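K.L.:
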Ligand SMILES: [Zn+2]
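What follows is the structure, encoded as structure tokens:
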């Protein structure tokens with residue numbers, strides 16, 4: 541009986557952690573299945589199984605992976621960002637239930653590493669938006685959107701400040717018994733929960 545309950549629970553947890561997010565690709569060359577696994581891994585490393593409400597919120601988000609050449613350059617038509625962004629470089633946009641990442645559509649480990657660091661940057665904005673929707677802070681460094689000391693949304697500012705500080709973490713996703721994939725993403729683990737720990 542206990543074993544059966546454990547199995548049911550395990551299936552439920554696996555279900556919550558693996559199958560809910562909608563991730564779409566308009567790329568042609570990258571290994572979509574690998575990216576999907578790495579994206580889901582990064583996201584759900586930041587939640588505890590008891591974070592029901594947050595996981596429900598999280599599951600409503602959509603993630604789009606597109607090629608850098610698909611980026612519509614008229615998107616930022618009124619800001620200084622237009623001048624500062626090099627559209628051939630991987631980058632992303634996060635807001636209102638959707639993350640869009642523009643990446644190099646090249647199936648090569650070096651590009652995968654670079655792409656994943658950009659994707660994790662956007663995912664970190666999304667995760668912190670779910671944890672801290674209205675919290676504000678003073679930014680520690682200048683960035684595209686403001687200057688040191690400006691009051692900004694925590695979910696936006698904290699990711700950029702941490703990237704400036706080089707606060708990254710190596711994530712290791714097990715792909716099979718013998719194979720694992722390592723990638724580097726911005727480290728927000730101390731301000732979120734994880735699978736085993738409740739912090740906030
Ligand atoms: Zn950002």
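Residue numbers (my numbering): 541 to 740. Even for Gly, the Cβ is constructed at its ideal location relative to N, Cα and C. Being a predicted model, the structure only gives us computed values, none of them experimental.
Quick one: residues in its chain with C-beta nearer than 8 angstroms to the C-beta of residue 712, no 5 flanking neighbours on either side, listed in chain order?
P.N.:
720, 721 and 722
K.L.:
What does a CB cutoff of less than 8 angstroms around residue 734 pick up in its chain, not counting 5 residues either side in sequence?
P.N.:
585, 586, 587 and 588
K.L.:
Once the 5 residues before and after residue 683 are set aside, which same chain residues still bring their CB inside 6 angstroms of it?
P.N.:
700
K.L.:
Pick from 636, 635, 637 and 641: whose alpha carbon is nearest that of residue 629?
P.N.:
Measuring from the Cα of residue 629, the nearest candidate turns out to be 641.
K.L.:
Nearest to residue 655 by CA position, among 726, 601 and 597, is which residue?
P.N.:
726
K.L.:
Which same chain residues, not among the five before or five after residue 607, have their C-beta less than 6 angstroms away from its C-beta?
P.N.:
567 and 645
K.L.:
Taking just the CA atoms, how far does residue 578 sit from residue 717?
P.N.:
16 angstroms
K.L.:
For the alpha helix (DSSP H) holding residue 652, just list the boundary residues, first then last.
P.N.:
649–671
K.L.:
What number of angstroms, rounded off, separates the C-alpha of residue 604 from the C-alpha of residue 541?
P.N.:
In a straight line, the C-alpha of residue 604 is about 42 angstroms away from that of residue 541.
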